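One structure is given here, and the rest of the page talks about it.
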Amino acid sequence: MKNTIKILTLFFVIAIAASCGRDKFSELNTDPDAVLNIPPEYELPTGLLSIHNNGRERYYDLYLGIYYWSQTFSIGAGNTEGSYQASGNIGVRWNMFYNGVGNRLFDIKEVIKKLPADKQASYTHLNAIVDIPLAYFAWYTSDVYGSIAYSEAFRARYTTPPLLTPKYDTQEQLYDMLDAQLKAAVEKLKAPTSAPQVNLAGYDIYYDGNAAKWIKAANSLRLKIAMRLMKRNPEKLRAIAAEVLADPAGVISNDSESWKFIARSGFTGAEDNPTNQRTVSGSKNMVDFMWKTSDPRIRIYYEPSHFTKERFEAAQAQGKIPASFVWDGQLYRGQYISPDASLDPTKATYFTAITYKFNNQDVTGARLPSSIRSSYFNSTPNNGNMTFPIINYSDVLFMRAELAQRSIYGTPADVQNLYYQGIDAALAEHDKAASTAKITGYQALTPAEVTTYKASAGVVFNQANALEQICIQQYINYFKNNNEAWALVKRTGYPSVNGNLFKAEVFTSSGSVLEMPRRFSIARPFPTNMNAENINKAIDDMINIPGFGTPNDIRGRVWWDVQ
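Numbers given in the working numbering equal positions in the sequence shown, counted from 1, plus 108.
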């Protein structure tokens, strides 16, 4: 995938002004819209990059919230009750949508509307393409908030009088709108055009304007959104899956069609390092499962534990590790999820900063749990290029495997093949992303490793545990797309505390069980907010959804998240 980006800066505006006479400059100065009448494709990179360029969202929403809630991360020294709470800064994606992604993508469509009819014909594909990431980020925002302003959003600048009080659409209404929007975009991209289309190479950061790939991305997004309806409206899921998977244009069918952004070195910064302000490990049960199954991604996701056999035995000989703790050969280790695990004497070593001597050198603060590999998230250490997945090929294969296993679309005979294809694709995608990121200590994936992994207990296909196996593989695969790991847990219940293969951990603090957070807190508007009436109505309506709870209850459920 080519992701060369033409960055348009203030230089462009300065160049226009410098080339204008006094009369033209006066016109631009008095008509603010005039200077914005740039070719629509020039605005595309800014809108698309806004999906990925906010390190605060990754840091606060993901690295301090969702990664812990999904039991993917654990604090290296041990979780606290706060790991299952929400920081005051969580919820960045809301502002990203309304003041970054949505407004910019919507403006492209408005700029196209202002063009003469003959020029509009050359932007048929761009007009349709914009609807796909616009639908994605609206869905992504609603996923944790429920009702949002969409059908009337972003219109104040283009309406007379300005529409400053947009109504809120329920999540159910939004799902219908987004599915229709994506379906219409596909039809527009399939249809013959009356004029040659503007070349989007260098402007479209995902596909360089390749209509066939955007069709596959839109179909795949329709399928992904519909998967949220598994319990809420299974018949609608069945209908959408049948329509999408029967479409000759298809869904994402190889990695070159994966919907992802590969950022150049320097795109990520300190906020993109989950270990920036604390030590961070993987959850013990996840790391243990990956180790026992010889998952080659373990060296991509995590750094080796400080303790090799030699270091372990040296520390143990000095009385720093209990004699009852027998060296088991495990070179990668996670940390317990539950804060109360630290109270168990048999687990104390996992929570201890160990000071000992090794090779006549003092070692201080050594810990048993591995750190996550920060160079897989942040380009700063090695000047690598970070991959930001939206929907990968492996993602589609696992969705199809799950649909077949549940007899929603496909046959039982399809399940095993789709499952193994999903594993093959997932391993290859993470290997490629790790290589591109130049992670520390990168080792290329080998065919023998893939074969060994697929033959290991817990991974080799077993019809009796097929659904759990599919979901666990998808869960591990979502390491760099953790909003989806969290959604998978909410939607399927896997990993489960009662799982046969990979158990989630019960999160207990001071003897009390804390349930996993399921959405973001929703604040009532200030009385001075001119749209307070619509916002309050939306909140009041959501309170009537079973399980929603109070607006600020992060353990409440939005419409799709059926109990």
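We put the beta carbon where it would ideally sit given N, CA and C, even for glycine.
As the structure is a computational prediction, the values presented were derived from the model and not from experiment.
- Cβ atoms of S479 and P489 stay farther apart than 8 Å, at about 13 Å.
- Annotation: Q443 is outside any beta strand (DSSP E) and is labelled neither H nor E by DSSP.
- By the 16-neighbour rule on beta-carbons within 10 angstroms, W435 is exposed.
- The Cβ atoms of Y586 and I547 lie no closer than 9 Å to each other.
- In this structure L223 is not in contact with G155, their Cβ atoms being roughly 18 Å apart against a cut-off of 8 Å.
- By a beta-carbon distance limit of 8 Å, L622 contacts E189. Their separation comes to about 7 Å.
- Distances from the CA of E592 to each of G163, I240, W247 were compared; the closest alpha carbon is that of W247.
- Burial is judged here by how many other beta carbons sit within 10 angstroms of a residue's own beta carbon; L286 has at least 16 and is buried.
- Per DSSP, the continuous alpha helix (DSSP H) segment holding P153 begins and ends at 148-157.
- Ranked by Cα distance from A325, the options I498, R665, A288 are led by I498.
- Rounded to the nearest whole angstrom, the C-alpha separation of L337 and A461 is 45 Å.
- Q469 is bridged by DSSP to F466.
- With respect to Q289, D239 sits close: the two C-beta atoms are nearer than 9 Å.
- In this structure N590 is buried. Its beta-carbon is surrounded by 16 or more other beta-carbon atoms within 10 angstroms.
- Sixteen is the threshold: since fewer than 16 other Cβ atoms of the shown chains lie within 10 Å of the Cβ of A292, the residue is exposed.
- Between L511 and F466, the alpha-carbon positions lie close to 53 Å from each other.
- Taking the Cα positions, D215 is about 11 Å away from Y150.
- If you keep only unbroken alpha helix (DSSP H) runs of at least 4 residues inside the stretch 332-405, you get 342-354, 392-400.
- DSSP places I647 in the uninterrupted alpha helix (DSSP H) bounded by 640-651.
- For the pair V523 and S178, the Cα-to-Cα distance works out to about 26 Å.
- DSSP places F181 in the uninterrupted beta strand (DSSP E) bounded by 181-183.
- Here A423 has I429, I462, Y464 as same chain residues with Cβ atoms under 6 Å from its own Cβ, once five neighbours each way along the sequence are excluded.
- Between the beta-carbon of G199 and that of D169 there is about 7 Å, and that keeps the pair under the 8 Å contact cut.
- Burial is judged here by how many other beta carbons sit within 10 angstroms of a residue's own beta carbon; P625 has at least 16 and is buried.
- Only exposed fits F634, as fewer than 16 other CB atoms lie within 10 angstroms of its CB.
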